[in-house]
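Student:
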Amino acid sequence: MKNLPKFALSLIAVAAFAHANASTVTVSTGYSTAGAQKNADAYKAVVDAAVARPGVGYGSKTVASYNSLDSSSLFGSSTNIAFRSTIDFGVTAAQAGSWSFRTGVDFSQGGALFLDGVALDVGANDMWWNGNYNNSNGFLSGGSIVAAGNHTLSIYGLESCCDGYQQAQFKAGNSSFASFSSTDGLASVSPVPQPSTYAMLLVGLGLLAFTGRSSAEPVKFQA
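See the structure below:
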């Protein structure tokens, strides 16, 4: 019984930090033959409409890392792609401040970059970074003052052919650029607790309460 408090605390810790230190990257695609759009909001609208009805060769998936991503490897199709990436990440008080973002893309009909619903960049040209950020017409980028809390970086693009690999990175303050991934060290987005998480918390708290009562000394009354 003496090890119950440690076990209870470990359950609480697992429940609290099960999703810690990780961004969540979700890639979604749909069929589209749309051409270049007039602004960032137009890219968002046309891509959202396409990914809402994915067909064969398209789909949605959570990936471990935003390095060397392409539609054909994930879903099959390499042409006529509406491409949307959603990156959910958290920022601690210590990390808050000036942030920079960049994404190397292959969008033959252009694309747009958003942070928390606000456009950071848009390009209507044929964009292909070819693995090098020195290709100035091949990537989307932007900066913002980022407060502590949960944030979403969204990437929208249109690709006619032939689906090259892509990357998305962040830079906090004076740090170096790093790719978003499930091990990028960023604070986790505060999730809606799952039933299993609630169960672990309740078991842990229950064990702590039980051991606390068991270890209490009985009250002695003087005659």
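Mind the numbering: the sequence shown is residues -22 to -1, 1 to 201 in mature numbering (1 follows the signal peptide of the UniProt record, and there is no 0), read in order. Every residue, glycine too, gets a C-beta built ideally from N, C-alpha and C. As the structure is a computational prediction, the values presented were derived from the model and not from experiment.
Buried or exposed: which applies to serine 51, given that a residue is buried once 16 or more other Cβ atoms fall within 10 Å of its Cβ?
Tutor: Here residue 51 refers to the residue found at position 73 of the sequence shown. The residue is exposed, with fewer than 16 neighbouring Cβ atoms inside 10 Å.
Student: Count the other CB atoms, across all protein chains shown, that sit within 10 Å of the CB of threonine 161; report buried if there are 16 or more and exposed otherwise.
Tutor: One-based indexing of the sequence shown puts residue 161 at position 183. The residue is exposed, with fewer than 16 neighbouring Cβ atoms inside 10 Å.
Student: Rounded C-beta distance between valine 96 and glutamine 144? I'm assuming under 8 Å.
Tutor: Counting from one through the sequence shown, the residue named residue 96 turns up at place 118. Counting from one through the sequence shown, the residue named residue 144 turns up at place 166. About 22 Å; that fails the 8 Å criterion.
Student: For threonine 64, which residues does DSSP report across the bridge?
Tutor: By 1-based counting over the sequence shown, the position of residue 64 is 86. Its beta-bridge partners are Thr4 and Ser132.
Student: Look at the alpha carbon of threonine 7 and the alpha carbon of serine 1, and state the distance between them as a whole number of angstroms.
Tutor: For the purposes of this step, residue 7 is identified with residue 29 of the sequence shown, where counting begins at 1. For the purposes of this step, residue 1 is identified with residue 23 of the sequence shown, where counting begins at 1. Rounded to the nearest angstrom, the two C-alpha atoms are 20 Å apart.
Student: What did DSSP end up calling leucine 52 once you bin it into helix, strand or coil?
Tutor: The residue given as residue 52 occupies position 74 in the sequence shown. Three-state result, leucine 52: helix.
Student: Restricting to Cα atoms, I'd like to know which of Tyr134, Ser159 and Ser76 is closest to glycine 151.
Tutor: The count along the sequence shown starts at 1 and reaches residue 151 at position 173. Taking only the C-alpha atoms, the option nearest glycine 151 is Ser76.
Student: On the CB-based measure, 16 or more other CB atoms within 10 Å of its CB, does asparagine 58 come out buried or exposed?
Tutor: Walking along the sequence shown from the start, residue 58 turns up at place 80. Buried is the call here.
Student: Going by the CB atoms, is the gap between glycine 68 and asparagine 110 shorter than 8 Å?
Tutor: Numbered from 1 along the sequence shown, position 132 holds the residue referred to as residue 110. Numbered from 1 along the sequence shown, position 90 holds the residue referred to as residue 68. Going by C-beta atoms, asparagine 110 is not nearer than 8 Å to glycine 68.
Student: Is the Cβ-Cβ distance between valine 5 and serine 63 less than 8 Å?
Tutor: On the sequence shown, position 27 is the one that residue 5 refers to. On the sequence shown, position 85 is the one that residue 63 refers to. Contact flag set, yes.
Student: So, does the stretch 10 to 24 touch the stretch 125 to 139, judging by three or more C-beta pairs under 8 Å?
Tutor: Segment contact: the stretch 10 to 24 against the stretch 125 to 139, three or more CB-CB distances shorter than 8 Å; contact assigned.
Student: What is the residue span of the alpha helix (DSSP H) that residue 210 lies within?
Tutor: Residue numbering for the chain in the displayed model covers -22 to 201; residue 210 lies beyond these limits and cannot be assessed.
Student: Which first and last residues belong to the beta strand (DSSP E) in which glycine 95 is found?
Tutor: On the sequence shown, residue 95 is found 117 positions in, with the first residue counted as 1. Careful: glycine 95 lies outside any beta strand (DSSP E) and carries neither H nor E.
Student: Can you check which of these residues, Phe61, Ser56 and Leu118, is closest to arginine 31 by C-alpha distance?
Tutor: By one-based count along the sequence shown, residue 31 stands at place 53. Nearest C-alpha to arginine 31: Phe61.
Student: From what residue to what residue does the beta strand (DSSP E) around valine 124 run?
Tutor: Within the sequence shown, the letter at position 146 stands for residue 124. Looking at the DSSP string, the run of the beta strand (DSSP E) that includes valine 124 is 117 to 124.
Student: Rounded to a whole number of angstroms, what is the C-alpha to C-alpha distance between glycine 116 and alanine 146?
Tutor: Counting from 1 along the sequence shown, the entry for residue 116 is found at position 138. Counting from 1 along the sequence shown, the entry for residue 146 is found at position 168. Rounded to whole angstroms, glycine 116 to alanine 146 spans 12 Å at the Cα level.
Student: Per DSSP, what kind of secondary structure is threonine 81 in: helix, strand or coil?
Tutor: As a position in the sequence shown, residue 81 is number 103, starting the count at 1. Reduced to three states, the DSSP call for threonine 81 is strand.
Student: Grab the span of the beta strand (DSSP E) containing residue 207 for me, first residue to last.
Tutor: With the chain covering only -22 through 201, there is no way to say anything about residue 207.
Student: Taking the alpha carbon of serine 119 as the reference point, which residue from Ala125, Leu93, Val41 and Val3 has its own alpha carbon closest?
Tutor: If you number the sequence shown from 1, residue 119 lands on position 141. That would be Leu93, whose Cα lies nearest to the Cα of serine 119.
Student: Which residue marks the beginning of the beta strand (DSSP E) containing threonine 40, and which one marks its end?
Tutor: Translated into positions along the sequence shown, residue 40 becomes position 62. Counting along the chain, the beta strand (DSSP E) containing threonine 40 begins and ends at 38 to 41.
Student: Is it buried or exposed, residue 208, if we count other Cβ atoms within 10 angstroms and call 16 or more buried?
Tutor: No answer is possible for residue 208: the residues shown for the chain start at -22 and end at 201.
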